[in-house]
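Novice: So in the numbering used here, the last spot in the sequence shown is 477, and the numbers never skip.
Glycine included, every Cβ here is placed at the ideal spot set by N, Cα and C.
One structure is given below, represented as structure tokens, and several questions about it will come after.
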Amino acid sequence: MSASLSPTRTQFIAGKQVSSNGTEEIPVYDPATGEIISTFQGADAADVEMAVAAARDSFDKRIWRDLPPIERAARMTAMADLIASHADDFAELEISDNGMTMSMARATVTSCANSLRYFAGTIQKIHGESTDLSGGGRQLMAYTMREAVGVVAAITPWNAPLGVLVNKMAPALAAGCSIIGKPAEQTPLSSILLSQLLAESQLFPDGVISILNGHGHIAGAALAAHDDVDKITFTGSTEVGKKLVVASAHNLKRVTLELGGKSPLFIFDDAPLEHAIQGAAMAIFANSGQVCFAGSRLYIQRGIYDAVIEGVAKIGDAMKLGNGRDPSTQLGPLVRQEQLDRVLKYIEYGISDGAELISGGMREGDKGYFVRPAVFANRERNKIRIAEEEIFGPIVTAMPFDGLDELEALANDTPYGLGSGVFTSSNSTAHKAARLIRAGNVWINCYGILDKAIPFGGFKQSGWGREFGLEGLSPFLETKAVYNML
Ligand code: ADP
-8 MSASLSPTRT QFIAGKQVSS NGTEEIPVYD PATGEIISTF QGADAADVEM
42 AVAAARDSFD KRIWRDLPPI ERAARMTAMA DLIASHADDF AELEISDNGM
92 TMSMARATVT SCANSLRYFA GTIQKIHGES TDLSGGGRQL MAYTMREAVG
142 VVAAITPWNA PLGVLVNKMA PALAAGCSII GKPAEQTPLS SILLSQLLAE
192 SQLFPDGVIS ILNGHGHIAG AALAAHDDVD KITFTGSTEV GKKLVVASAH
242 NLKRVTLELG GKSPLFIFDD APLEHAIQGA AMAIFANSGQ VCFAGSRLYI
292 QRGIYDAVIE GVAKIGDAMK LGNGRDPSTQ LGPLVRQEQL DRVLKYIEYG
342 ISDGAELISG GMREGDKGYF VRPAVFANRE RNKIRIAEEE IFGPIVTAMP
392 FDGLDELEAL ANDTPYGLGS GVFTSSNSTA HKAARLIRAG NVWINCYGIL
442 DKAIPFGGFK QSGWGREFGL EGLSPFLETK AVYNML
């Protein structure tokens, strides 16, 4: 099977690949060239109805959740193998509509397979508890059960299209839920190949997995408003996350949110400098800064401020931008014209707000959406837009700091709390800092490492709940208490 750039049946409903009922044509761009490489018909309200009905039916008939746990685990593992055996095709499609580098595309496929394998391994470990009761003179026993939460809608972003979708499917399937994926309209291609593989393999009963490709404000909003959807799991902007909370109020859907960030990274003057500089550069430049936990606020201890800025700028300047298919490419394009415009606008804000542009920040080439990684110095730590707002691009704002006493106030002066980094050779400084930072993730002498076994998520306006690890399974389960008079 080869990857298709011109799919006709772009929706996966009730176990079959079908065309949308909708009439709206959505273009898909290759961000490396700016050319339209495909168009598809976006799912509309009627498609949502069909997908939700199929998901509800499969859930209510207990078709998936009542299979023996070992059988469900085997099917999830088979799905992992299926994805891994099409790694080249998936990587090609991820590069085609997202623009990511080959190494990231390949890592995405591995991550998807790992997610399915990790959560397949949890299925036989889902269990309740029993305990002695006080009883008040009665003889009682009680136990708890953990049951699938129901029909789940997974609304996912364009910055890691396949990875985020499968990361949400894996715990939902492990818990016994039926799931409807709604990938971002900018990056449908890998999810359509996944649909094709699922349709052909028939690994899961009809309706257990559906995938709707379409606009957020149409298909996504219809899922969020639907009373037969029991839970939303979302990765995307804080703005849309808040809309989903409001939309979920009607039937009090369970909601997990993985949202934006403005993550701080601190380099202390005792840090191994080359390593710290490399870490700070990749914390913001990887995937061209289109990462929710990108280290976009760089705090450098005053004595090494100029040396670190110079080092990060040098790395940015040397990075090779290009088409992700070229294995020597280090940075791909931004995903869309809108994103390029947004990043260039923030470069202008940085300059007009008084920061010093040390390097980069200009568009590269006249086709595609490439921008050179930008380093700004904000020596006075002014509260300017590039230092406060999430940009989702390769722009880092470097500010001086005077030591551990300042870290708590600086790190936490943001509505977000997703990622953070600390580079130091002192264990004491590192672990004191880890306690002081209000964020879901603290990386010490490294940045951006994720593992399926460790919960990932945000404090404050970076989200609700956690993904990965056993904690990542819990949002897909309800606990039921059963009392028995003896
Ligand atoms: P990003 O900033 O990464 O583009 P968004 O939050 O805009 O993130 O989009 C993330 C996902 O949310 C996408 O699948 C998008 O289609 C969907 N989405 C956007 N608006 C809505 C909405 N009003 N209701 C439901 N889903 C939406």
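Quick one: is H77 buried, meaning 16 or more other Cβ sit within 10 Å of its Cβ, or exposed?
Specialist: Residue 77 sits at position 86 when you count from the first residue of the sequence shown. The residue is buried, with at least 16 neighbouring Cβ atoms inside 10 Å.
Novice: Given the structure, does G13 come close to ligand 1, in the sense that its CB is under 7 Å from one of the ligand's heavy atoms?
Specialist: For this step, residue 13 is matched to residue 22 along the sequence shown. No, since every heavy atom of ligand 1 falls outside the 7 Å radius drawn around the Cβ of G13.
Novice: Starting from A44, trace the alpha helix (DSSP H) in both directions and tell me its first and last residue.
Specialist: The sequence position of residue 44 within the sequence shown is 53, counting from 1. Its alpha helix (DSSP H) spans residues A36 to D51.
Novice: Would you report the Cα separation of P59 and A36, rounded to the nearest angstrom?
Specialist: Here residue 59 refers to the residue found at position 68 when the sequence shown is read from its first residue. Here residue 36 refers to the residue found at position 45 when the sequence shown is read from its first residue. The straight-line gap from Cα to Cα measures roughly 34 Å.
Novice: Just the C-alpha distance for N403 and A285, rounded to the nearest angstrom, thanks.
Specialist: The residue you call residue 403 lines up with position 412 of the sequence shown. The residue you call residue 285 lines up with position 294 of the sequence shown. If you take the alpha carbons of N403 and A285, they lie about 16 Å apart.
Novice: What are the boundary residues of the beta strand (DSSP E) that R97 is part of?
Specialist: Mapped onto the sequence shown, residue 97 falls at position 106. Looking at the DSSP string, R97 is not in any beta strand (DSSP E); the run it does join, the alpha helix (DSSP H), is M93 to A111.
Novice: Expressed to the nearest angstrom, what Euclidean distance is found between the alpha-carbon atoms of F110 and L156?
Specialist: Residue mapping note: residue 110 aligns to position 119 of the sequence shown, counting from 1. Residue mapping note: residue 156 aligns to position 165 of the sequence shown, counting from 1. Cα to Cα, the separation comes out at about 14 Å.
Novice: Counting along the chain, where does the alpha helix (DSSP H) carrying N158 start and finish?
Specialist: Counted from its first residue, the sequence shown places residue 158 at position 167. That run of the alpha helix (DSSP H) goes P152 to A166.
Novice: Between L131, I200 and G294, which has its C-alpha nearest R66's C-alpha?
Specialist: Working through the sequence shown from its first residue, we reach residue 66 at position 75. Nearest of L131, I200 and G294 to R66, Cα basis: I200.
Novice: Cβ of I86 within 7 Å of any heavy atom in ligand 1?
Specialist: Here residue 86 corresponds to residue number 95 of the sequence shown, with the count starting at 1. No, the beta carbon of I86 sits no closer than 7 Å to any heavy atom of ligand 1.
Novice: What number of angstroms, rounded off, separates the C-alpha of G408 from the C-alpha of E265?
Specialist: As a working mapping, residue 408 is identified with position 417 in the sequence shown. As a working mapping, residue 265 is identified with position 274 in the sequence shown. When rounded, the distance between both Cα atoms is 27 Å.
Novice: Alpha carbon to alpha carbon, how far is G323 from D57?
Specialist: Here residue 323 refers to the residue found at position 332 when the sequence shown is read from its first residue. Here residue 57 refers to the residue found at position 66 when the sequence shown is read from its first residue. Each residue's Cα considered, the two are about 45 Å apart.
Novice: DSSP puts N475 in a beta bridge; with which residues?
Specialist: Along the sequence shown, read from residue 1 onward, the residue named residue 475 stands at position 484. In the DSSP output, where bridge partners are listed per residue, N475 has M132.
Novice: Helix, strand or coil for R376, going by three-state DSSP, please let me know.
Specialist: In the sequence shown, residue 376 corresponds to position 385, counting from 1. In the structure shown, R376 sits in a helix (DSSP, three-state: H, G or I).
Novice: Can you name, in chain order, every residue of its own chain whose Cβ lies under 6 Å from the Cβ of A161, other than the five neighbours on each side?
Specialist: What you label residue 161 is simply residue 170 of the sequence shown in a count that begins at 1. Within the same chain, A161 has close Cβ partners S106, L107 and F110.
Novice: Express the C-alpha separation of R363 and M353 in angstroms, rounding to a whole number.
Specialist: On the sequence shown, residue 353 is found 362 positions in, with the first residue counted as 1. On the sequence shown, residue 363 is found 372 positions in, with the first residue counted as 1. Their Cα atoms are separated by approximately 6 Å.
Novice: One question on the structure: do I47 and D219 come within less than 8 Å of each other, judged by their Cβ atoms?
Specialist: Within the sequence shown, numbered from 1, the residue matching residue 47 stands at position 56. Within the sequence shown, numbered from 1, the residue matching residue 219 stands at position 228. Here the sequence assigns Arg to residue 47, which means Ile is not the residue at that position. Yes, these two residues count as a Cβ contact at 8 Å.
Novice: Verify whether the separation of the beta carbon atoms of G454 and E230 is less than 8 Å.
Specialist: Counted from its first residue, the sequence shown places residue 454 at position 463. Counted from its first residue, the sequence shown places residue 230 at position 239. No.
Novice: Going by DSSP in three states, L256 sits in which element: helix, strand or coil?
Specialist: Indexing the sequence shown from 1 puts residue 256 at position 265. Strand, per DSSP.
Novice: Just to confirm the assignment, what range does the alpha helix (DSSP H) spanning I86 have?
Specialist: Sequence index remark: in the sequence shown, residue 86 carries index 95 (1-based). Taken as a continuous stretch (DSSP letters only), the alpha helix (DSSP H) holding I86 covers A78 to N89.
Novice: Under three-state DSSP, which class holds P60?
Specialist: On the sequence shown, position 69 is the one that residue 60 refers to. Residue state, collapsed to three classes: helix.
Novice: Looking at the secondary structure, which residues open and close the alpha helix (DSSP H) in which G270 lies?
Specialist: Residue numbering aside, residue 270 sits at position 279 when the sequence shown is read from its first letter. Taken as a continuous stretch (DSSP letters only), the alpha helix (DSSP H) holding G270 covers L264 to F276.
Novice: Which complete beta strand (DSSP E) runs does the region 285 to 312 hold, if anything under 3 residues is left out?
Specialist: For the region 285 to 312, whole beta strand (DSSP E) runs of length 3 or above, ordered along the chain, are 288 to 292.
Novice: Just the Cα atoms here: how many angstroms apart are A240 and L214?
Specialist: Counted from its first residue, the sequence shown places residue 240 at position 249. Counted from its first residue, the sequence shown places residue 214 at position 223. Approximately 13 Å, taken between the alpha carbons.
Novice: List the whole-angstrom C-beta distance separating I377 from A346, where the pair is believed to meet the contact cut-off of C-beta under 8 Å.
Specialist: Here residue 377 refers to the residue found at position 386 of the sequence shown. Here residue 346 refers to the residue found at position 355 of the sequence shown. Yes, they are in contact, since the Cβ atoms of I377 and A346 sit about 6 Å apart, within 8 Å.
Novice: Leaving out five residues before and five after M(-8) in sequence, what residues of the same chain have Cβ atoms less than 6 Å from its Cβ?
Specialist: Within the sequence shown, numbered from 1, the residue matching residue -8 stands at position 1. Reliability fails at M(-8), whose pLDDT of 42 lies under 50, so the model's placement of it is uncertain and no value is given.
Novice: Quick one: does the C-beta of K234 sit closer than 7 Å to a heavy atom of ligand 1?
Specialist: Working through the sequence shown from its first residue, we reach residue 234 at position 243. Yes, Cβ of K234 sits closer than 7 Å to a heavy atom of ligand 1.
Novice: Using the DSSP secondary-structure output, state which residues sit across from M353 in a beta bridge.
Specialist: Here residue 353 refers to the residue found at position 362 of the sequence shown. M353 is not bridged to any residue.
Novice: Quick one: grab the DSSP three-state call for E462.
Specialist: For the purposes of this step, residue 462 is identified with residue 471 of the sequence shown, where counting begins at 1. Helix at E462.
Novice: Within this structure, are the beta carbons of A267 and I258 separated by less than 8 Å?
Specialist: For the purposes of this step, residue 267 is taken as the residue at position 276 of the sequence shown. For the purposes of this step, residue 258 is taken as the residue at position 267 of the sequence shown. Yes, these two residues count as a Cβ contact at 8 Å.
Novice: Is H208 near ligand 1, in the sense that its beta carbon is under 7 Å from a heavy atom of that ligand?
Specialist: Residue 208 sits at position 217 when you count from the first residue of the sequence shown. Yes, since a heavy atom of ligand 1 falls inside the 7 Å radius drawn around the Cβ of H208.
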